[in-house]
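Participant: Residue numbers for the sequence shown follow my numbering, beginning at 10 and rising by one. Ideal Cβ positions, reconstructed from N, Cα and C, are used throughout, including at glycine. Below you will find the structure I want to go over with you.
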Amino acid sequence: MNPQAKLIFMTSLLLGTTITISSNHWIMAWAGLEINTLAVLPLISKSHHPRSVEAATKYFLTQAAASALVLFSSMTNAWHTGQWDITQLSHPTSGLILTSAIAMKLGLVPFHFWFPEVLQGSPLSTGLLLSTIMKLPPITLLYMTSPSLNPTLLTILALLSTALGGWMGLNQTQVRKILAFSSISHLGWMAIIIIYNPKLTLLNFYLYAMMTATVFLTLNSMKVLKLSTLMTAWTKVPSLNAMLLLTLLSLAGLPPLTGFLPKWLIIQELTKQEMIATATLMALLSLLSLFFYLRLAYCTTITLPPHTTNHMKQWRTGKPTNVLIAILATMSITLLPISPLILALV
């Protein structure tokens, strides 16, 4: 892709995200979401492969439908209350429509079908954008409207997302699809707590974005797209593979790694809200995702010879690891001991 074109699309992406995050008026937020959608479409379809074009089409249709619902929800609210302010979403029907729209934008169950397909059709670099920065504006809208959302609906969506995200990822062999279902599962954890403690949702999102960025950048540097390639990638950059193993276990939420922090705090908050059954169910459902993270981790580092594989071993490159990957991997693994500081900052 032309560097100038890529610069324009990336700038538009940042602009759209900034507009949505900083707006008070529904129309401005909607405009930011639209700029985001239009900026990421060329990045999805840049390889001109039929699968990429199909992914871009699916992405456009779902995001357009979700944006229309956001507009419809805000207009309904303005009609009943005379308010266009995002924080004044007081009409219950508007709240329900908005929750559905945001669920569609994020890829929460039952509006999740587009996300694995789109991620599978995109390059790893675009997949990183779709899994992290593209999720920020919808989550910000949920954060701003959290006092007036329906707790029952969000709890059901969150439990379904955690269950299906874990369950549907079990049988996948494509790494991008596994990461898509991992994203759906993590979104369930964010959605469950948004009404009771919105700051925890943001903390969960930041840590999730950091760990996912590490995984995507590592896979991109090793040029891995499926599990069979991942099995032979250990010869290429052994130290990076060890880091990938720990980052995957961190994403799974195992202590003493960074990923344990949001799960621990969310279960603690749910217990304070006397939602013991929900907290137990969420903890049990996260075991499903743990299984496919362990599968990825096993393919990454534990399939050392002697083992049979039909793939050629990759040459060790000898190139130094990217500094960004090194910093992100270190943060994805070691932040749990300084959790009191993180909580103070949030």
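Taking C-beta to C-beta, are ALA222 and LEU337 nearer than 8 Å?
Facilitator: For ALA222 and LEU337, yes; Cβs fall inside 8 Å.
Participant: Are the CB atoms of LEU257 and VAL224 within a distance shorter than 8 Å?
Facilitator: Yes.
Participant: According to DSSP, simplified to helix, strand and coil, what is GLN183?
Facilitator: DSSP places GLN183 in strand when its eight states are reduced to three.
Participant: What did DSSP end up calling HIS121 once you bin it into helix, strand or coil?
Facilitator: HIS121: coil per DSSP, three-state reduction.
Participant: Hey, out of LEU105, LEU196, LEU70, whose CA is closest to THR210's CA?
Facilitator: The residue with the shortest Cα to Cα distance from THR210 is LEU196.
Participant: With 16 as the cutoff for other CB atoms within 10 Å, does ASN45 come out buried or exposed?
Facilitator: Buried, since its Cβ has 16 or more Cβ neighbours within 10 Å.
Participant: Using a Cβ distance threshold of 8 Å, determine whether the stretch 182-189 contacts the stretch 278-286, with at least three qualifying pairs required.
Facilitator: Cβ pair count under 8 Å is below three, so no.
Participant: Go through its chain and collect everything with a Cβ distance to LEU138's Cβ below 8 Å, but skip five positions before and after it.
Facilitator: If we look at LEU138 and ignore the five residues flanking it on each side, its Cβ neighbours are LEU22, VAL49, LEU52.
Participant: Quick one: using the 10 Å Cβ neighbour count with 16 as the cut-off for buried, is ILE334 buried or exposed?
Facilitator: Burial call: buried.
Participant: Pull up the CB-CB distance for LYS235 and VAL184, whole angstroms please, since I reckon it's below 8 Å.
Facilitator: Contact flag correct, Cβ pair sits at about 6 Å.
Participant: Checking the sheet assignment: what are the DSSP bridge partners for HIS34?
Facilitator: In DSSP, HIS34 forms a bridge with ASP94.
Participant: Please report how far the alpha carbon of ALA292 lies from the alpha carbon of PHE124, in whole angstroms.
Facilitator: Roughly 24 Å between the two C-alpha positions.
Participant: Suppose only complete runs of 4+ residues qualify. What are the alpha helix (DSSP H) ranges in the stretch 102-148, listed by chain order?
Facilitator: Segments of the alpha helix (DSSP H) lying fully in the stretch 102-148: 123-130, 133-140.
Participant: State buried or exposed for SER298, treating a residue as buried only when at least 16 other CB atoms are found within 10 Å of its CB.
Facilitator: SER298 is buried by the Cβ-count criterion.
Participant: Using only the alpha-carbon positions, how far apart do ASN213 and GLY130 sit?
Facilitator: Each residue's alpha carbon lies about 27 Å from the other.
Participant: Which one or two residues does DSSP pair with LYS235 in a beta bridge?
Facilitator: LYS235 is bridged to GLN183.
Participant: So VAL332 is in the alpha helix (DSSP H); what residue range does that whole segment cover?
Facilitator: VAL332 -> alpha helix (DSSP H) spans 332-343.
Participant: Compute the Euclidean distance between the alpha carbons of MET113 and ASN229, then round it to the nearest angstrom.
Facilitator: Spanning the two alpha carbons is a distance of roughly 27 Å.
Participant: Please classify ARG60: does DSSP put it in a helix, a strand, or coil?
Facilitator: In this structure, ARG60 counts as helix in the three-state DSSP scheme.
Participant: Let's see if you can read the secondary structure: which residues bound the alpha helix (DSSP H) around LEU290?
Facilitator: Segment 285-306, the alpha helix (DSSP H) holding LEU290.
Participant: Pair every Cβ in the stretch 271-280 with every Cβ in the stretch 246-256, then say whether three or more of these pairs are closer than 8 Å.
Facilitator: In short, these stretches do not touch, since the Cβ pair count stays below three.
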